[in-house]
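The block underneath contains the structure these notes are about, expressed in structure tokens.
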Amino acid sequence: MSAVEDVVTEAPAVEAVPKRAMTLGLGTSLVVLAALALAPLFVKNFIIFQMTMLLIYGLAVLALNILTGGSGQFSLGQSAFYAVGAYTSAILMEHVGMNYALTLPIAGIICFAFGFVFGQPALRLSGVYLALATFALAVAMPQLLKLGFFEHWTGGVQGLVVTKPDAPFGLPMSQDMWLYYFTLVITIGIYIASVNLLRSRSGRAFMAIRDNEIAASAMGVDVALYKTLAFGVSAGITGVAGGLGAIAVQFVAPDGYTITLAISLFLGMVVGGVGWLPGSIVGSAFIIFVPNIAEGISKGLSGAVFGVLLFLVIFLVPHGARQVAMVAQQLIGKLKK
Amino acid sequence: MRSATIRSAAFWTALVTFAAANGSALAQKKYDTGATDTEIKIGHIVPYSGPASAYGIIGKTEEAYFKMINENGGINGRKIKFISYDDAYSPPKAVEQVRKLVESDEVLLVFNALGTPSNTAIQKYLNSKKVPQLFVATGATKWNDPTHFPWTIGWQPSYQSEARIYAKFLMKEKPDAKVAVLYQNDDFGKDYLKGLKDGFAAKASTIIAEESYEVSEPTIDNHIVKLKASGADVVISITTPKFAAQTIKKMAEIDWKALQIVANVSTSVGAVMKPAGFENGQGVLSAHYAKDAGDAQWKDDPGMKKFLAFLDKHYPDADRSNSQVIYGYGAAQTLTKILEMCGDDLTRANIMKQASNLKDFTPDTLLPGVKINTSATDFAPIEQLQMMRFKGEKWEMFGDVISGEAATH
Chain A
1 MSAVEDVVTE
11 APAVEAVPKR
21 AMTLGLGTSL
31 VVLAALALAP
41 LFVKNFIIFQ
51 MTMLLIYGLA
61 VLALNILTGG
71 SGQFSLGQSA
81 FYAVGAYTSA
91 ILMEHVGMNY
101 ALTLPIAGII
111 CFAFGFVFGQ
121 PALRLSGVYL
131 ALATFALAVA
141 MPQLLKLGFF
151 EHWTGGVQGL
161 VVTKPDAPFG
171 LPMSQDMWLY
181 YFTLVITIGI
191 YIASVNLLRS
201 RSGRAFMAIR
211 DNEIAASAMG
221 VDVALYKTLA
231 FGVSAGITGV
241 AGGLGAIAVQ
251 FVAPDGYTIT
261 LAISLFLGMV
271 VGGVGWLPGS
281 IVGSAFIIFV
291 PNIAEGISKG
301 LSGAVFGVLL
311 FLVIFLVPHG
321 ARQVAMVAQQ
331 LIGKLKK
Chain B
1001 MRSATIRSAA
1011 FWTALVTFAA
1021 ANGSALAQKK
1031 YDTGATDTEI
1041 KIGHIVPYSG
1051 PASAYGIIGK
1061 TEEAYFKMIN
1071 ENGGINGRKI
1081 KFISYDDAYS
1091 PPKAVEQVRK
1101 LVESDEVLLV
1111 FNALGTPSNT
1121 AIQKYLNSKK
1131 VPQLFVATGA
1141 TKWNDPTHFP
1151 WTIGWQPSYQ
1161 SEARIYAKFL
1171 MKEKPDAKVA
1181 VLYQNDDFGK
1191 DYLKGLKDGF
1201 AAKASTIIAE
1211 ESYEVSEPTI
1221 DNHIVKLKAS
1231 GADVVISITT
1241 PKFAAQTIKK
1251 MAEIDWKALQ
1261 IVANVSTSVG
1271 AVMKPAGFEN
1281 GQGVLSAHYA
1291 KDAGDAQWKD
1301 DPGMKKFLAF
1311 LDKHYPDADR
1321 SNSQVIYGYG
1331 AAQTLTKILE
1341 MCGDDLTRAN
1351 IMKQASNLKD
1361 FTPDTLLPGV
1371 KINTSATDFA
1381 PIEQLQMMRF
1391 KGEKWEMFGD
1401 VISGEAATH
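Note that the protein sequences, when read in sequence, are chains A and B. For the first sequence, position 96 (counting from the first letter as 1) is numbered 96 according to the numbering used here, and the numbering increases by one without interruption. For the second sequence, position 119 (counting from the first letter as 1) is numbered 1119 according to the numbering used here, and the numbering increases by one without interruption.
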């Protein structure tokens, strides 16, 4: 083992998170849910669209959280899975004429397979090396989508324009609102499934691998299987998020899925708190709204302002939203006494 | 009962009188969302950050231009409120920002949004909302489609227009030319190739060889060698800057002395001609539609003087030789012209009507003779270019301004 690897193993970047600390209490969950369900009734369509994107990126961050927070593997390649999901939905809707809702499970399954297969070679790599391998995937994806070979399906650099679905059964709501509730239901479904997954036998296996791979295998955990499985699940959820993103934005193009997106998702995970699933939404809010705030402060230096804000967050609350939530919880606990 | 009828009659008379009075007032001034007696709100997106942030200069130039307009009293007494957002050259971000402009800032129109992917992403939305998508900053030909997208209009010459100009030039100057075409295998390259073929029309056999390359290829030397073997004496290089420089260099290396025409996107002296070697680039041809502020021949040109005075006063830290500054100025001036023509009828429909009714309009920064013309069936404002030849360390214009307008519309 090289010196670099020693350093990496000595101080694991992903801290052990006890599984009970991975979720919110029932009461808090219901309040958040009610807020998410009622908010669109009072705001403009544009805000609803932003909230939809919030949920979609939230899903993608959640997927990364399962991979990194759950099984301890890094990925800078989530944008590639997101792109595959988005293109799968777009192609099925525009070329095959399939219903948008049906394209999502297909996008999920294709991405699951893609992630599972990619997880095989990734098995040999860990820590920063794995991060680099996935980085390569993210860099390659936009170019692959531009290849002339696929152009008939992908539309090449021009991308594909997707038709936005109307609300079904003549429901009296705008396209944006319908899509928001549609996304909300899927997000809640995936969130509950993810929480259950991490609480299950497989989830415990993920966390055992994260905490100590050798100990996990000594206890009889099939390390190879569970590591690739984590990749598959993460890619599958990201694919569903990508499909939803394509429907919400009504457009897919290679330039929408560059490495910048992968880094944003990674950023969202860190800001939300690694391994803390509810933090995914907070992280997603950070990557959507903070660039807008930074732009509002200075147009020419928006990148620098964003950097400063990010630095402040990492410096003041290194564990992200999870830390804030815990402090808040303690304060409330004291007040009750 | 009777008094009730009378009272109701009186009420209706009053109402009708009121409506008539109001109606005549409205006939003079008509507004859609985003325009009032004192203000016109204009939305704009451009990458200020990300890989294409070099284009952000266009946004800054336009902002400075509208500041100047406001200081001089605005347009027909109304101040311009120019709201410009960053889309980082990402289509999802472009959709978010444009929706913010339309639904939250409530702009009258979206102006000069940059990039083919971003504009494709917002085109359907803006057309369904009937919000003008004016003067998009991309060279794709598809923006000239008034039948399907009556709310979208281009500005700069399309790739096809430019290609048709090269075909016209060759048919006139070198009728027996044997042309080899090297093109980038994407929509930019294919748009050009179609323009060339349309331009040669019946004489399509002039093109004796076609080679395409992928942007991902590290070098395109083998394609050049292959083209040389075809025996062509003219090379049309539909390439982006890196590959244009490689082509010029490789042709000199293998001592292939064919006439070379390079696409307008790759005419930067700093990014193409210098890396290729000035000695290798002598005699290379291209075409352009705007003046170059770094060129001494425009020193006494009134338009250029106006442009430089604007920069001195309102945008002093601009790089004068940057073509994006020239671009932004020209586009902003065109919008100003449209808004002046609209007068007090600032409805979205009237804006599209005026935008498609430009007759021989010439912004200060375009070459003399290049005129903007549009009509209800022609949504391609600039369609003329002038040929230029590389000599020494700069481009020299020559010949007349040539129109790249398609023969049939």
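Backbone N, C-alpha and C fix where the C-beta goes; we use that ideal spot for every residue, glycine too. Note that the structure is a prediction, hence the values are computed from the model and not measured.
Chain B contact for residue i (CB, 8 Å cutoff)
i: A/THR260; result: yes
i: A/GLU295; result: yes
i: A/GLY256; result: yes
i: A/LYS146; result: yes
i: A/VAL221; result: no
i: A/GLY159; result: yes
i: A/VAL290; result: no
i: A/GLY245; result: yes
i: A/VAL249; result: yes
i: A/GLN50; result: yes
i: A/LYS299; result: yes
i: A/THR9; result: In this prediction, A/THR9 scores a pLDDT of 44, lower than 50, which makes its location untrustworthy; the coordinate-derived value is nonetheless stated afterwards. Closer than 8 Å: no.
Contact list for residue i against chain B, beta-carbon separation under 8 Å
i: A/PHE46; result: ARG1099, LYS1100, VAL1102, GLU1103 and SER1104
i: A/ALA253; result: PRO1091, PRO1117, THR1120 and ALA1121
i: A/MET53; result: PRO1092 and GLU1096
Assumed close pair residue i, residue j - CB separation to whole angstroms, cut-off 8 Å
i: B/LEU1227; j: B/ALA1180; result: 4 Å
i: A/VAL162; j: A/PHE251; result: 6 Å
i: B/THR1365; j: B/ILE1326; result: 5 Å
i: B/LEU1108; j: B/ILE1058; result: Not a contact, Cβ separation roughly 20 Å.
i: A/THR238; j: A/GLN78; result: 5 Å
i: A/ARG210; j: A/GLY70; result: 7 Å
i: B/ALA1355; j: B/ILE1338; result: 5 Å
i: B/ASP1050; j: B/TYR1089; result: Here residue 1050 of chain B turns out to be Gly, not Asp, going by the sequence shown. About 5 Å; that satisfies the 8 Å criterion.
i: B/THR1247; j: B/ILE1220; result: 7 Å
i: B/LEU1285; j: B/HIS1223; result: With a Cβ gap of about 20 Å, B/LEU1285 and B/HIS1223 do not count as contacting.
i: A/MET98; j: A/LEU92; result: 4 Å
i: B/MET1388; j: B/ALA1287; result: 6 Å
i: B/GLY1328; j: B/GLU1062; result: 5 Å
i: B/LYS1124; j: B/GLN1160; result: About 22 Å separates the two Cβ atoms, so there is no contact after all.
Interface partners of residue i on chain A, CB under 8 Å
i: B/VAL1131; result: Ordered by position in chain A, no residue passes the 8 Å Cβ test against B/VAL1131, which lies about 13 Å from the chain.
Top-ranked residue by Cα proximity to residue i, from the options
i: B/ALA1376; options: B/SER1323, B/LYS1130, B/ILE1165 and B/LYS1353; result: B/LYS1353
i: A/LEU123; options: A/ILE109, A/PHE74, A/ALA107 and A/ILE110; result: A/PHE74
i: B/GLU1214; options: B/LYS1203, B/ASN1185, B/GLU1253 and B/ALA1202; result: B/ASN1185
i: A/SER202; options: A/GLU213, A/THR163 and A/LEU225; result: A/LEU225
i: A/TYR191; options: A/ALA39, A/VAL31, A/VAL270 and A/ALA60; result: A/ALA60
i: B/SER1230; options: B/ILE1236, B/ILE1238 and B/GLU1210; result: B/GLU1210
i: B/LYS1172; options: B/GLY1154, B/GLY1199, B/VAL1225 and B/ASP1295; result: B/GLY1199
i: B/LYS1391; options: B/THR1336, B/PHE1278 and B/ASP1378; result: B/PHE1278
i: B/VAL1234; options: B/ASN1373, B/PRO1047, B/PHE1398 and B/ALA1177; result: B/ALA1177
i: A/ALA113; options: A/ALA253, A/ILE332 and A/GLY236; result: A/GLY236
8 Å Cβ cutoff, residue i in contact with chain A
i: B/SER1049; result: yes
i: B/TYR1085; result: yes
i: B/ASP1319; result: no
i: B/LYS1081; result: no
i: B/PRO1302; result: no
i: B/ASP1186; result: yes
i: B/ALA1096; result: The amino acid at residue 1096 of chain B is misidentified as Ala; the sequence shows Glu. Yes - at least one Cβ of chain A is within 8 Å of the one on B/GLU1096.
i: B/THR1365; result: no
i: B/THR1116; result: yes
i: B/ALA1229; result: no
i: B/THR1120; result: yes
i: B/LYS1124; result: yes
i: B/TYR1089; result: yes
i: B/PHE1398; result: no
Beta-carbon neighbours of residue i, restricted to chain A and to distances below 7 Å
i: B/ALA1202; result: In chain order: nothing, as chain A lies at least about 29 Å away.
Contact set between residue i and chain B, taken where Cβ atoms lie within less than 7 Å
i: A/SER302; result: TYR1048, SER1049 and ASP1086
i: A/GLY156; result: ASP1186 and ASP1187
Contact set between residue i and chain A, taken where Cβ atoms lie within less than 9 Å
i: B/SER1161; result: What B/SER1161 touches in chain A: nothing, since even the nearest Cβ is about 19 Å away.
task: Enumerate, from N- to C-terminal direction, the unbroken alpha helix (DSSP H) stretches of 4 or more residues contained entirely within the segment 1040 to 1089 of chain B.
output: 1056 to 1071
- request: Please list the segments of the alpha helix (DSSP H) lying wholly inside the segment 47 to 114 of chain A, counting only runs of 4 or more residues, in order along the chain.
  value: 78 to 91
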